[in-house]
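Engineer: For the sequence shown, the residue numbers in this note's numbering are 5 to 731. To start, I am sharing the structure in question, which I have written as structure tokens.
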Amino acid sequence: MDPQTHYRACNLCEAICGLEIKHLNGQVLSIAGDKADPFSRGHICPKAVALKDVYEDPNRLRHPQKRVVGADGSISWQEIGWEQAFREVTVRLREIRAERSPNAIAFYGGNPSVHNSGTLMAAPGFVRAVGTKTVFSASSVDQYPHHFAAWQLFGHPLLMPVPDIDNTDFWIIMGGNPIASNGSIMTAPDVAKRLRAVQERGGKVIVIDPRRTETAEKADQHYFIRPGTDVYLLLAMTQVLFAENLVRLGRLGTLVDNLYRIHDAVADYTPEAVADRTNISADAIRQLTRDFAGAGRAALYGRVGVSVQAHGSLCLWLINVLNILTGHLDEPGGMMFTLPAFDILGKKHPAGAPGYTKYDRFRSRVSNRPEFMGELPVSCLAEEILTPARAEGEQPIRALVTSCGNPVLSTPNGGQLDRALDALDFMVSVDIYCNETTRHADYILPPATGLETAHYDVTFHALAIRNTTRFSEPMVPKPDGMLYDWEIYEYLRLYLEDENYSAETGPKPENPHQKVDLALRYGPYKEQNLSLQTLRNNPHGIDLGPLQTLLPDRLMTANARIDLAPQLLIEQLTSISEQQLTTQAKATAPENLKLNSLQLISRRHLRDNNSWLHNAHRLVKGRNRCTLQINPTDAAQRGIINGQTVRVQSRVGLVELPAELTDDMMPGVVSMPHGYGHNRPGVRLDVAQAHAGVSINDLTDETILDELTGNAALNGVLVDIQPVTFQ
Ligand SMILES: Nc1nc2c(c(=O)[nH]1)N[C@H]1C(S)=C(S)[C@@H](COP(=O)(O)OP(=O)(O)OC[C@H]3O[C@@H](n4cnc5c(=O)[nH]c(N)nc54)[C@H](O)[C@@H]3O)O[C@H]1N2
Ligand SMILES: Nc1nc2c(c(=O)[nH]1)N[C@H]1C(S)=C(S)[C@@H](COP(=O)(O)OP(=O)(O)OC[C@H]3O[C@@H](n4cnc5c(=O)[nH]c(N)nc54)[C@H](O)[C@@H]3O)O[C@H]1N2
Ligand code: SF4
Ligand SMILES: [Mo]
Numbered sequence: 005m006d007p008q009t010h011y012r013a014c015n016l017c018e019a020i021c022g023l024e025i026k027h028l029n030g031q032v033l034s035i036a037g038d039k040a041d042p043f044s045r046g047h048i049c050p051k052a053v054a055l056k057d058v059y060e061d062p063n064r065l066r067h068p069q070k071r072v073v074g075a076d077g078s079i080s081w082q083e084i085g086w087e088q089a090f091r092e093v094t095v096r097l098r099e100i101r102a103e104r105s106p107n108a109i110a111f112y113g114g115n116p117s118v119h120n121s122g123t124l125m126a127a128p129g130f131v132r133a134v135g136t137k138t139v140f141s142a143s144s145v146d147q148y149p150h151h152f153a154a155w156q157l158f159g160h161p162l163l164m165p166v167p168d169i170d171n172t173d174f175w176i177i178m179g180g181n182p183i184a185s186n187g188s189i190m191t192a193p194d195v196a197k198r199l200r201a202v203q204e205r206g207g208k209v210i211v212i213d214p215r216r217t218e219t220a221e222k223a224d225q226h227y228f229i230r231p232g233t234d235v236y237l238l239l240a241m242t243q244v245l246f247a248e249n250l251v252r253l254g255r256l257g258t259l260v261d262n263l264y265r266i267h268d269a270v271a272d273y274t275p276e277a278v279a280d281r282t283n284i285s286a287d288a289i290r291q292l293t294r295d296f297a298g299a300g301r302a303a304l305y306g307r308v309g310v311s312v313q314a315h316g317s318l319c320l321w322l323i324n325v326l327n328i329l330t331g332h333l334d335e336p337g338g339m340m341f342t343l344p345a346f347d348i349l350g351k352k353h354p355a356g357a358p359g360y361t362k363y364d365r366f367r368s369r370v371s372n373r374p375e376f377m378g379e380l381p382v383s384c385l386a387e388e389i390l391t392p393a394r395a396e397g398e399q400p401i402r403a404l405v406t407s408c409g410n411p412v413l414s415t416p417n418g419g420q421l422d423r424a425l426d427a428l429d430f431m432v433s434v435d436i437y438c439n440e441t442t443r444h445a446d447y448i449l450p451p452a453t454g455l456e457t458a459h460y461d462v463t464f465h466a467l468a469i470r471n472t473t474r475f476s477e478p479m480v481p482k483p484d485g486m487l488y489d490w491e492i493y494e495y496l497r498l499y500l501e502d503e504n505y506s507a508e509t510g511p512k513p514e515n516p517h518q519k520v521d522l523a524l525r526y527g528p529y530k531e532q533n534l535s536l537q538t539l540r541n542n543p544h545g546i547d548l549g550p551l552q553t554l555l556p557d558r559l560m561t562a563n564a565r566i567d568l569a570p571q572l573l574i575e576q577l578t579s580i581s582e583q584q585l586t587t588q589a590k591a592t593a594p595e596n597l598k599l600n601s602l603q604l605i606s607r608r609h610l611r612d613n614n615s616w617l618h619n620a621h622r623l624v625k626g627r628n629r630c631t632l633q634i635n636p637t638d639a640a641q642r643g644i645i646n647g648q649t650v651r652v653q654s655r656v657g658l659v660e661l662p663a664e665l666t667d668d669m670m671p672g673v674v675s676m677p678h679g680y681g682h683n684r685p686g687v688r689l690d691v692a693q694a695h696a697g698v699s700i701n702d703l704t705d706e707t708i709l710d711e712l713t714g715n716a717a718l719n720g721v722l723v724d725i726q727p728v729t730f731q
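So, in structure tokens, the structure goes:
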């Protein structure tokens, strides 16, 4: 038999590159970029080959696992059938719900949920069947502030603008490293080439980051900014716009309200007032603002670095405001809105309706944090488990379902969460590995994954810098005895809803990809006769053209206007203006830390993918990437030499790892990758354990949050660093 060729989109990161995979009888022979994909044009990165590794990985779970504790306390895992797994899991969930309450059962959804249309569309049905409000996800260690700003300004949390980098002449990147991450809230395959193209047409790229990143290396200019101080830079840039009469609202002039309130709110934040705090000189702030305002086509783009900090929501709000005030929002080459073939925004609210309301409808029990988008901040998860009921009717979490997530490594104070998971009565994980989180589960339910699945990028087409659409079929049928993720959620729902449910005679799981078909048929491109069948006939994907100007039609606010100065954000700004110290600095100043503490930030490497690709041999080989990067001056002050093991301590924990001395770090700031720390008992990841590293989130502090959203402030944590001396 001849090898077959399979075309699909890589679902590992947000770039959704097209792949061309040669395979024979289910054996992967090669993975290359799909040159006929109109969007990615043949680009791939080294992670794409890891799809083969995951597909073949002997550690990947292929049958439901039940944890068995022996008489001597030893733990073993028993392979069981699906019928037994579904029945036992739902019996326990029903019991806990009856004895306690639905809210005693928590749910955590991790990042791959969004990269997996089966989970994305089927998991919510199961959560509704449980009836719990205690829902968490990786969104609150990531992009909550983006959603919050989008909701406050444009009326819907998913209406987030993306930089039109193919047409821009001036691109400011704050707190993003797309050359390593391949872009985020900006689906842009081959971002390196697109960045180069900006420069080749005479444009400029400016990076603002406490680390001289791989992106900064390629940029025209890079400014070191002190972690957590971006809000002050943004306030000062806005102040300069008013002070130098650079505000040009352009087409949006008739749509915006409360311009004067912005003017008043920023008036005190002159460049001189913020220069020391931010580490960016007043002259540089003025020049940057003038250049940005004066550029014909310019985009100010911020990402994880400005989102996972104590002022995340203020930063994302001001970034949007700056784009609006300079006429760069909703204009080619600026920050633009997408019109995806599967439109995730849903229907507009009827005139007079209150608009989007999913904020603060309820609060977390222990820290009183507001709900947002139907979820609570994951920083609260451990305390919700560990804090007993303090009053009649209070309901601690007693059971947890995790889906595509590894919060022990990915959320702040992961060490505490690790301990909290042991205190649960019951835990279930829908996951392909037994890792740092899922090893605590009573049952692990592994879905077919990657090459075995059908996939439509519901989310990332909606965040792409060009409107395109593409559907991936499974490369091979899923192996006998395996279920797709959507089947697992649908069965859990069916067994939960009816205790006498039988898979033989009862209703069958509903394939969520039918929803894709409907969305395509009745979506924005219905005149082009889009359907699942059209996409099947076009396996390289279909180009729907560059981003278009969409306002005011696309606005989702109740009054179809943009309030530049929403009350919640103005109040938050007033409260930080009144503080001498930032919330972050206050909360991170533990008495036992020395005054010469450094600020810890995270970094990403092209060959990592959060916590879960370290079992792919070819992605972890080579030099150890789990190092503490530190500026040589800071190292010398502490007597630290390159390669030496250092002890890093924060309020919440302590880790030891090798130091890597580099001028790429701003003095006063150190960096570690996240997603490492595989050296825990019971983890079944042979390759990852041989490259275990340590977890940055054993240092990050769950009490430091963005006040408005509860998003974790993972960056800027104060740490004390000492060389480890061997005796
Ligand atoms: N300090 C620090 N912490 C961070 C960050 C940071 O920059 N610094 N970044 C944050 C960000 S942006 C994010 S998004 C989070 C990510 O946080 P998480 O989503 O909690 O972590 P991941 O490492 O992505 O875990 C993915 C899990 O999904 C499983 N998985 C993979 N494929 C499938 C599949 O097809 N089906 C199922 N059911 N499971 C699958 C993997 O085995 C793994 O257990 O981490 C956050 N944590
Ligand atoms: N290779 C790889 N690709 C990935 C991932 C991965 O783990 N590995 N994860 C995926 C996920 S889940 C996401 S969300 C995206 C994230 O995509 P990006 O946002 O591009 O990710 P990072 O590389 O973490 O970039 C954040 C930058 O912010 C900087 N920074 C830290 N603190 C501050 C600060 O206070 N101010 C400013 N201005 N900058 C700061 C950091 O130095 C870093 O360079 O990447 C995705 N792609
Ligand atoms: S850039 Fe992202 S989508 Fe493209 S091949 Fe690499 S991991 Fe896959
Ligand atoms: Mo993320």
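Built from N, CA and C at the ideal position, the CB exists for glycine as well. This one's a predicted model, so the numbers in the text were calculated from it and none came from an experiment.
Does the distance between the C-beta of residue 469 and the nearest non-hydrogen atom of ligand 3 fall short of 7 angstroms?
Structural biologist: Counted from its first residue, the sequence shown places residue 469 at position 465. No, since every heavy atom of ligand 3 falls outside the 7 angstroms radius drawn around the Cβ of residue 469.
Engineer: How is the alpha helix (DSSP H) around residue 327 delimited, first residue to last?
Structural biologist: Indexing the sequence shown from 1 puts residue 327 at position 323. Segment 316-329, the alpha helix (DSSP H) holding residue 327.
Engineer: Out of 381, 67, 209 and 451, which has the shortest C-alpha to C-alpha gap to residue 305?
Structural biologist: As a working note, residue 305 is residue 301 in the sequence shown. Checked all of 381, 67, 209 and 451; the closest Cα to residue 305 is 209.
Engineer: In terms of residue numbering, what span does the alpha helix (DSSP H) encompassing residue 91 cover?
Structural biologist: Counting from 1 along the sequence shown, the entry for residue 91 is found at position 87. Residues 86-103.
Engineer: Does the segment 137-157 come within contact of the segment 712-725, defined as at least 3 CB pairs closer than 8 angstroms?
Structural biologist: Output reads yes: the segment 712-725 touches the segment 137-157.
Engineer: Would you please verify whether the beta carbon of residue 395 is less than 8 angstroms from any beta carbon of chain C?
Structural biologist: As a matter of chain content, chain C is missing from the structure shown, which is built from one protein chain.
Engineer: Using only alpha-carbon positions, find the residue among 32, 45 and 709 that is nearest to residue 53.
Structural biologist: Translated into positions along the sequence shown, residue 53 becomes position 49. Closest option to residue 53, Cα to Cα, is 32.
Engineer: Ends of the alpha helix (DSSP H) at residue 471?
Structural biologist: Counting from 1 along the sequence shown, the entry for residue 471 is found at position 467. Counting along the chain, residue 471 falls outside any alpha helix (DSSP H), though it belongs to the beta strand (DSSP E) covering 470-473.
Engineer: Should the segment 673-680 be regarded as contacting the segment 611-624, the criterion being three or more beta carbon pairs within less than 8 angstroms?
Structural biologist: Because the criterion of three Cβ pairs below 8 angstroms is met, the segment 673-680 and the segment 611-624 touch.
Engineer: Is residue 308 near ligand 2, with its Cβ less than 7 angstroms from a heavy atom?
Structural biologist: Working through the sequence shown from its first residue, we reach residue 308 at position 304. True, at least one ligand heavy atom lies under 7 angstroms from that Cβ.
Engineer: Let me check understanding here. Comparing Cα to Cα, which of 99, 265 and 329 lies closest to residue 299?
Structural biologist: The count along the sequence shown starts at 1 and reaches residue 299 at position 295. It is 329 whose Cα lies nearest to the Cα of residue 299.
Engineer: Tell me which same chain residues have a C-beta within less than 6 angstroms of the C-beta of residue 509, skipping the five on either side of it?
Structural biologist: Working through the sequence shown from its first residue, we reach residue 509 at position 505. Nothing meets the Cβ criterion.
Engineer: Using a Cβ-Cβ cut-off of 8 angstroms (strictly less than) and excluding sequence neighbours within five positions of residue 382, which residues of its own chain qualify?
Structural biologist: Residue 382 sits at position 378 when you count from the first residue of the sequence shown. Answer for residue 382: 112, 140, 141, 142, 144, 145, 411, 415 and 716, listed in chain order.
Engineer: Can you give me the C-alpha to C-alpha distance between residue 106 and residue 136, rounded to a whole angstrom?
Structural biologist: Locating residue 106 in the sequence shown gives position 102, where the first residue counts as 1. Locating residue 136 in the sequence shown gives position 132, where the first residue counts as 1. Taking the straight line from one Cα to the other gives about 5 angstroms.
Engineer: Please return the same chain residues whose Cβ sits closer than 7 angstroms to the Cβ of residue 155, not counting the five positions on each side in sequence.
Structural biologist: As a working mapping, residue 155 is identified with position 151 in the sequence shown. Within the same chain, residue 155 has close Cβ partners 161 and 360.
Engineer: The beta strand (DSSP E) spanning residue 306 covers which residue range?
Structural biologist: Start at 1 with the first residue of the sequence shown, and residue 306 comes out as number 302. Element bounds for residue 306: 302-306.
Engineer: In the DSSP assignment, what are the bridge partners of residue 8?
Structural biologist: Taking the sequence shown and counting its residues from 1, the one referred to as residue 8 is at position 4. Paired residues: 27.
Engineer: Just grab the DSSP bridge partners of residue 226 for me.
Structural biologist: By one-based count along the sequence shown, residue 226 stands at place 222. Paired residue(s): 211.
Engineer: What separation, rounded to the nearest whole angstrom, lies between the Cα atoms of residue 103 and residue 499?
Structural biologist: Position 99 of the sequence shown, counting from 1, holds the residue named residue 103. Position 495 of the sequence shown, counting from 1, holds the residue named residue 499. So the two alpha carbons sit approximately 19 angstroms from each other.
Engineer: Quick one: using the 10 Å Cβ neighbour count with 16 as the cut-off for buried, is residue 495 buried or exposed?
Structural biologist: Taking the first residue of the sequence shown as position 1, residue 495 is located at position 491. That one is buried.
Engineer: Going by C-alpha distance, which of 37, 88, 83 and 76 is nearest residue 506?
Structural biologist: As a first step, residue 506 is located in the sequence shown; it is residue number 502 there, counting from the start. That would be 88, whose Cα lies nearest to the Cα of residue 506.
Engineer: Does the beta-carbon of residue 637 have 16 or more other beta-carbons within 10 angstroms, so that it is buried, or is it exposed?
Structural biologist: Working through the sequence shown from its first residue, we reach residue 637 at position 633. Label assigned to residue 637: exposed.
Engineer: Provide the residue span of the alpha helix (DSSP H) that contains residue 727, from first to last.
Structural biologist: Numbered from its first residue, the sequence shown carries residue 727 at position 723. Counting along the chain, residue 727 falls outside any alpha helix (DSSP H), though it belongs to the beta strand (DSSP E) covering 721-727.
Engineer: Could you check whether residue 121 and residue 517 sit closer than 8 angstroms to each other, using their CB atoms as the reference points?
Structural biologist: The residue given as residue 517 occupies position 513 in the sequence shown. The residue given as residue 121 occupies position 117 in the sequence shown. Yes; because the gap between Cβ atoms is below 8 angstroms, this pair is in contact.
Engineer: Name the DSSP bridge partner or partners of residue 379?
Structural biologist: Your numbering for residue 379 matches position 375 in the sequence shown. Paired residue(s): 376.
Engineer: Which residues mark the beginning and the end of the beta strand (DSSP E) in which residue 649 is found?
Structural biologist: Position 645 of the sequence shown, counted from the start, is the residue given in the question as residue 649. Note, residue 649: beta strand (DSSP E), 649-653.
Engineer: Using the Cα positions of residue 468 and residue 27, report the straight-line distance between them to the nearest angstrom.
Structural biologist: Within the sequence shown, the letter at position 464 stands for residue 468. Within the sequence shown, the letter at position 23 stands for residue 27. Looking at the two C-alpha atoms, the distance is approximately 29 angstroms.
Engineer: Taking the DSSP output, what are the residues bridged to residue 613?
Structural biologist: The residue given as residue 613 occupies position 609 in the sequence shown. DSSP output for residue 613 lists 615 as bridge partner(s).
Engineer: Are the segment 468-477 and the segment 549-565 in contact at 8 angstroms, needing three or more beta carbon pairs?
Structural biologist: At 8 angstroms Cβ cutoff, the stretches touch.
Engineer: Kindly give me the distance between the Cβ atoms of residue 192 and residue 198, rounded to whole angstroms, as I take these residues to be in contact under 8 angstroms.
Structural biologist: Looking up residue 192 in the sequence shown gives position 188. Looking up residue 198 in the sequence shown gives position 194. Right, their Cβ atoms sit about 6 angstroms apart.
Engineer: Inspect the beta-carbon positions of residue 68 and residue 86 and report whether they are closer than 8 angstroms.
Structural biologist: Counted from its first residue, the sequence shown places residue 68 at position 64. Counted from its first residue, the sequence shown places residue 86 at position 82. A contact, by the Cβ cut-off of 8 angstroms.
Engineer: Mind checking which residues open and close the alpha helix (DSSP H) that includes residue 132?
Structural biologist: Numbered from 1 along the sequence shown, position 128 holds the residue referred to as residue 132. Unbroken alpha helix (DSSP H) run through residue 132: 121-134.
Engineer: Counting only the same chain and skipping the five closest in sequence on each side, list residues whose C-beta sits under 8 angstroms from that of residue 101.
Structural biologist: Sequence index remark: in the sequence shown, residue 101 carries index 97 (1-based). So the qualifying residues of the chain are 108, 109, 134 and 135.
Engineer: Any idea which residues DSSP pairs residue 191 with across the strands?
Structural biologist: For the purposes of this step, residue 191 is identified with residue 187 of the sequence shown, where counting begins at 1. Residue 191 pairs with 468.
Engineer: Can you have a look at residue 686 and say buried or exposed, based on whether 16 or more other CB atoms are within 10 angstroms of its CB?
Structural biologist: Walking along the sequence shown from the start, residue 686 turns up at place 682. By the 10 Å Cβ count, residue 686 comes out exposed.
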